[in-house]
Amino acid sequence: MTIGHEKPSDIFKERLRAARESLRQMSQAALAKESGLPPSSIAHFEAGTRKPSFDSLRKLANALSVTTDFLLGRTHNPEGAAEADPLYRDMQKLNDENRRQAADFMRFLAEKHDKEAGKK
Numbered sequence: 001m002t003i004g005h006e007k008p009s010d011i012f013k014e015r016l017r018a019a020r021e022s023l024r025q026m027s028q029a030a031l032a033k034e035s036g037l038p039p040s041s042i043a044h045f046e047a048g049t050r051k052p053s054f055d056s057l058r059k060l061a062n063a064l065s066v067t068t069d070f071l072l073g074r075t076h077n078p079e080g081a082a083e084a085d086p087l088y089r090d091m092q093k094l095n096d097e098n099r100r101q102a103a104d105f106m107r108f109l110a111e112k113h114d115k116e117a118g119k120k
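The opening position of the sequence shown corresponds to residue 1 in full-length UniProt numbering, with each subsequent residue numbered one higher.
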């Protein structure tokens, strides 16, 4: 189910670089820091000389805020299907006021996370 006739390993290295540069405007060093992987690994992955482990793939996707399916060429959408997220499904059950409160709380948690991450 890959896109086009490219090999999956070619798609991965292209998608990784595109997500890093175009979507997130990150350097290889910044991606390495955010993902917890060595900078040399990022360079090898983008050059196609090494392939990531499942754990590394997950770390890269999380650091870039994209899905592993996007990095692997299984979908064109880097953000993934929000409908698959249990939070999204539960939000659909709320009235407008409760949705506003939930959105406010999610923003609060995200800001709290960012502050805590800055302290480390």
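Glycine included, C-beta positions come from ideal geometry on N, C-alpha and C.
| query | Thinking C-alpha only, which one of P39, L23, P52 and L37 is nearest K13? | reply | Taking only the C-alpha atoms, the option nearest K13 is P52.
>> Here's the rule: buried if 16 or more other CB atoms are within 10 angstroms of the residue's CB, otherwise exposed. What is G36?
In response: Label assigned to G36: exposed.
Does the distance from the C-beta atom of E46 to that of R15 stay below 8 Å?
Not closer than 8 Å, so no.
| request: Find out if the Cβ-Cβ distance for the pair L64, A29 is shorter than 8 Å. | output: No.
Check your understanding: Just the Cα atoms here: how many angstroms apart are A102 and M91?
Key -> Note on geometry: alpha-carbon atoms of A102 and M91 lie some 8 Å from one another.
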